[in-house]
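> Line by line, the protein sequences are chains A and B. Read left to right, the first sequence gives residues 80 to 340 (our numbering). Read left to right, the second sequence gives residues 39 to 297 (our numbering). Beta carbons are placed, not taken as given, at the ideal position from N, Cα and C, and that holds for glycine. Remember, it's a predicted structure, so these values are computed and weren't measured experimentally. To start, I am sharing the structure in question, which I have written as C-alpha cells.
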Amino acid sequence: MSEQRTAGVRAVARGVAWRSIHNFLTNPAFLVPSLLFPLFFFVSFAGGLAAIGEVPGFDFPSGYTAFQFVFVLLQSAAFGGVFTGFAMARDFESGFGRRYMLAASHRSGIVLGYALAALFRAFVTWTVLSAVAVVAGMEIAGSGGEIVALYALAVLVNVAATMWAAGVALRVRSIQGGPLMQFPTFLVLFLAPVYVPLDLLSGWIHTIASINPVTALLEAGRGFISGDPVLAAAAFAIGLTLSLLFAAWARGGLRSAEAAG
Amino acid sequence: MSSSLGNQVGQLARRSILRTLRQPAQIVPAIVFPLFLLAVNTGGLKEATNLPGFPTDSYLTFILAVPFIQGALFSVMNSGTDLARDIETGFLNRLALTPLRGAALLSGLLAGAFVLGVVQAAAYLAVGLIAGAELAAGPAGALVLVLLSVAITVAFGTIGLFAALRFGSGEAVQGLFPVFFVFLFLSAMTLPLDLLTTDWFHAIASVNPVTYLLEAIRSLLIEGWNLGDLALGFGIAAAIGALGMLAASSALKSRLVRT
Numbered sequence: 080m081s082e083q084r085t086a087g088v089r090a091v092a093r094g095v096a097w098r099s100i101h102n103f104l105t106n107p108a109f110l111v112p113s114l115l116f117p118l119f120f121f122v123s124f125a126g127g128l129a130a131i132g133e134v135p136g137f138d139f140p141s142g143y144t145a146f147q148f149v150f151v152l153l154q155s156a157a158f159g160g161v162f163t164g165f166a167m168a169r170d171f172e173s174g175f176g177r178r179y180m181l182a183a184s185h186r187s188g189i190v191l192g193y194a195l196a197a198l199f200r201a202f203v204t205w206t207v208l209s210a211v212a213v214v215a216g217m218e219i220a221g222s223g224g225e226i227v228a229l230y231a232l233a234v235l236v237n238v239a240a241t242m243w244a245a246g247v248a249l250r251v252r253s254i255q256g257g258p259l260m261q262f263p264t265f266l267v268l269f270l271a272p273v274y275v276p277l278d279l280l281s282g283w284i285h286t287i288a289s290i291n292p293v294t295a296l297l298e299a300g301r302g303f304i305s306g307d308p309v310l311a312a313a314a315f316a317i318g319l320t321l322s323l324l325f326a327a328w329a330r331g332g333l334r335s336a337e338a339a340g
Numbered sequence: 039m040s041s042s043l044g045n046q047v048g049q050l051a052r053r054s055i056l057r058t059l060r061q062p063a064q065i066v067p068a069i070v071f072p073l074f075l076l077a078v079n080t081g082g083l084k085e086a087t088n089l090p091g092f093p094t095d096s097y098l099t100f101i102l103a104v105p106f107i108q109g110a111l112f113s114v115m116n117s118g119t120d121l122a123r124d125i126e127t128g129f130l131n132r133l134a135l136t137p138l139r140g141a142a143l144l145s146g147l148l149a150g151a152f153v154l155g156v157v158q159a160a161a162y163l164a165v166g167l168i169a170g171a172e173l174a175a176g177p178a179g180a181l182v183l184v185l186l187s188v189a190i191t192v193a194f195g196t197i198g199l200f201a202a203l204r205f206g207s208g209e210a211v212q213g214l215f216p217v218f219f220v221f222l223f224l225s226a227m228t229l230p231l232d233l234l235t236t237d238w239f240h241a242i243a244s245v246n247p248v249t250y251l252l253e254a255i256r257s258l259l260i261e262g263w264n265l266g267d268l269a270l271g272f273g274i275a276a277a278i279g280a281l282g283m284l285a286a287s288s289a290l291k292s293r294l295v296r297t
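Encoded structure:
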C-alpha cells in the first residue's frame, strides 16, 4: 500500500470514526443501552446464579463472579461490534452511507472508521463494567500480563463481530438486517459454556459447545483471570482467524455496496 | 357500525386479531426466541438440580415457566407497536371522529394479545412436554396454565397500550423491551428464591412481582395444585392489567385532547 493511499485511508477512517463516536456519546439512546446491557447481564448472572458456584464439580478458583465477568466482557465486545453494524446499516438506509461512498477517496477507510468507533464503544463499556466488577469484590488472581491478554482477546472478539456486522450492513444496507447481525452472534455466544465449565455440560449442548470456537475464547479468558492460562495460543489463533475471515466478508460487503451505487 | 359497546369491541377485536395473525414477524420471534433460551438454559444449568433444596430433579420442568413470561413480554411490544402505528398513521385520529368509546378501543386492541397468548402458551407447553417436562397438576392443570399465561400476556399488553398512547411512537415502545427484561432477569428466573444466595439479589427478587408469576406457573408444573401460589399469580396478573388499563385510559384521554 503506497504512503499516499495509507494517508487517505487514515483520513477517511478518522472522519467516519469521529462522527460515529460523536453520535454514540451524544445520543443517550445509543450510549445508555451499551452501558446498561452488559452491566445488567453481569449483575443478573453473577448475582442470581451465585449458588451455581457450589454445584459439585464446579472448581473455578476465582469464584462465580469472575467466571461470569469473562463471559460478559466477551459478550459486550461482540455486541459493541453488532451495535456499530446497526449504526452502519442506519447510515446506509438514510442515504448518509452513499454520501460517504461518494466522498471517500479510499472506501476501505469507511469500514476501518466504523471499526475504530466500535472499539471505542467497547472500551467505554469495559471501563464501566470492570469498575463495577472490582467494586463488587471480583477476585482477580491473574497477573498484569494475563489481564492484558484477557482484554486483548476481547479486542479480537470486538473486531471480528464488527467485521461480521459490517459485512451484513453493507450487503443489506437497511436496519432490517439487524436480526441477521444480532441473532447469529447471540446464538454462538450462548451455545458456549456460559453458566458452568464445559466439563459440567452434558448432552447436545456439550457436543455443540465442544466444537464452538467461542468455548476456547471463554476458557482462555477464564484462565487468564484466574491466573491459570489454558488454551491461550488456540484462543488468539481463533480470534485472529475470525477477524481476518470476517474482514474479508466486510470487504465483499463493501464491493456489494459499491456495485449497488 | 352499531354504537353498542359489544359491537365496537367486536369490530376492533377482529381487526386486532387479524392484524396479529397476518404478521408472522410478531408471532414467530415471540415463540422461537423463548424456546431457544429454554433449550440453552436447560442444557447449561442442568447441574443446578444437584444443589441441596432444588425442588425438582428436572431443570427443564423448573425453567419451563420462563418462556411463558418471556412470551408475555413480547405482547407489550406487539400490542404497543400496533397502537403506536395507528397513532403515527393517523388512524386513531380518524377513530376519534366516530362514536367509539375509549373502553371499546382498549379492550378491542387487547384481543390480539389474547390470541397470541393462547398460541404461545400452547406452543411452550407442547414443546416442554414433548421434551420431557413434567406437569404435576395433570390435564386440568394444563388448562389453568394456559389461562394464567393468557392473563399475564393480556396484563402486560395493557402496559404496551399505555406506552403507545403516552409516547405515540413505535420506536419508544420497542425501547421498553429491555426495561421489562430487567424485571425478568432480576427475579427467581433461573433458581428458586431460597437458592438465591446473594443477599441484595434475593431482596430484589423477593419484591419483584415476576418472581410470583413464575412461582404460580411452577406450582402447576412441579407441585400440582398450590392454591396460594395460583391465587397470588392470578391476583398479580389482574392487578397489573387493572393498573395498565387505568393508565392507558388516562393516556388515551390526554392524547385525544391533544389531537
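#1: Span of the alpha helix (DSSP H) holding proline 105 (chain B)?
#2: Quick check: is the beta carbon of methionine 227 (chain B) nearer than 9 Å to any beta carbon in chain A?
#3: Is there a Cβ from chain B that is less than 9 Å from the Cβ of proline 263 (chain A)?
#4: Which whole-angstrom value describes the C-beta separation of proline 93 (chain B) and leucine 73 (chain B), a residue pair presumed to lie in contact below a C-beta threshold of 8 Å?
#5: Assign histidine 185 (chain A) to one of three DSSP states: helix, strand, or coil.
#6: Is it buried or exposed, asparagine 79 (chain B), if we count other Cβ atoms within 10 angstroms and call 16 or more buried?
#7: If I measure Cβ to Cβ from asparagine 264 (chain B) and keep anything under 7 Å in the same chain, skipping five residues before and after, which residues do I get?
#8: Looking at the unbroken alpha helix (DSSP H) that takes in methionine 242 (chain A), where does it start and where does it end?
#9: Rounded to whole angstroms, what is the Cα-Cα separation between phenylalanine 215 (chain B) and phenylalanine 194 (chain B)?
#10: With DSSP run on the structure shown, which of helix, strand or coil describes tryptophan 263 (chain B)?
#11: Just to check my reading of the structure: phenylalanine 303 (chain A) and glycine 221 (chain A) have Cβ atoms closer than 8 Å, yes? What is that Cβ distance to the nearest angstrom?
#12: Whose Cβ in chain A lies nearer than 7 Å to the Cβ of glycine 82 (chain B)?
#13: Any chance the CB of arginine 200 (chain A) is under 8 Å from a heavy atom of the ligand MG?
#14: List the whole-angstrom C-beta distance separating leucine 110 (chain A) from phenylalanine 103 (chain A), where the pair is believed to meet the contact cut-off of C-beta under 8 Å.
#15: Using CA coordinates, which residue listed in A:Asp138, A:Ala201, A:Met242 and A:Ala129 is at the minimum distance from glycine 164 (chain A)?
#16: As a quick exercise: from B:Leu233, B:Ala226, B:Ala254 and B:Val156, pick the residue whose alpha carbon is nearest that of valine 245 (chain B).
#17: Which of helix, strand or coil does DSSP assign to methionine 283 (chain B)?
#18: Excluding the 5 residues preceding and the 5 following alanine 125 (chain A) in the sequence, name in chain order all residues of the same chain whose CB lies nearer than 6 Å to its CB.
#19: Below 6 Å CB to CB, which residues in the same chain sit around glycine 109 (chain B) once its five sequence neighbours on both sides are set aside?
#20: Report yes or no: is there a C-beta of chain B within less than 9 Å of the C-beta of proline 135 (chain A)?
#21: Assuming glycine 118 (chain B) and glycine 198 (chain B) are in contact, meaning their beta carbons sit under 8 Å apart, how far apart are those beta carbons, in whole angstroms?
#22: Would alanine 125 (chain A) pass as an interface residue toward chain B - the criterion being a Cβ-Cβ separation below 9 Å?
#23: So, with DSSP's three-state summary, where would you put valine 211 (chain A)?
#24: Quick one: what does DSSP say glycine 318 (chain A) is sitting in, helix, strand or coil?
#25: Measure how close the beta-carbons of glycine 26 (chain A) and phenylalanine 239 (chain B) come, nearest whole angstrom, since I'm counting them as under 8 Å.
#26: Please say whether leucine 208 (chain A) and proline 117 (chain A) have beta carbons closer to each other than 9 Å?
#27: Quick one: grab the DSSP three-state call for glycine 216 (chain A).
#28: Could you name the residues of the same chain whose beta carbon sits closer than 8 Å to that of arginine 84 (chain A), not counting the 5 residues immediately before and after it, in chain order?
#29: Near alanine 338 (chain A), which residues of its chain fall below 7 Å by C-beta distance, leaving aside the five closest residues on each side in sequence?
#30: Relative to the C-alpha of glycine 332 (chain A), which residue among A:Ala244, A:Phe162, A:Val267 and A:Arg89 is closest?
#31: Nearest by alpha-carbon distance to glutamine 261 (chain A): which of A:Phe162, A:Gly94 and A:Gly132 is it?
#32: Mind reading off the beta-carbon distance from serine 141 (chain A) to glutamate 218 (chain A)? Whole number of angstroms is fine, and I expect it under 8 Å.
#33: Let me see if you follow: with CB-CB separation under 9 Å, is tryptophan 238 (chain B) close to chain A or not?
#34: So which of A:Phe137, A:Val190, A:Gly257 and A:Ile284 has the shortest CA-CA distance to alanine 239 (chain A)?
#35: Taking 9 Å as the cut-off, decide whether the C-beta atoms of arginine 93 (chain A) and glycine 192 (chain A) are in contact.
In short:
#1: 103-127
#2: yes
#3: no
#4: Actually they are not in contact, since the Cβ atoms of proline 93 (chain B) and leucine 73 (chain B) sit about 23 Å apart, beyond 8 Å.
#5: coil
#6: buried
#7: Ser257
#8: 223-251
#9: 11 Å
#10: coil
#11: 5 Å
#12: Val273, Tyr274, Val275, Leu280 and Ile284
#13: With respect to small molecules bound, the structure shown includes none, and the ligand MG cannot be examined in it.
#14: 6 Å
#15: A:Met242
#16: B:Ala226
#17: helix
#18: Thr144 and Gln147
#19: Ala68, Pro72 and Gln158
#20: yes
#21: 3 Å
#22: yes
#23: helix
#24: helix
#25: For chain A, the structure presents residues 80 to 340; residue 26 (chain A) sits outside this window and is missing.
#26: yes
#27: coil
#28: His185
#29: none
#30: A:Ala244
#31: A:Phe162
#32: 4 Å
#33: yes
#34: A:Val190
#35: yes
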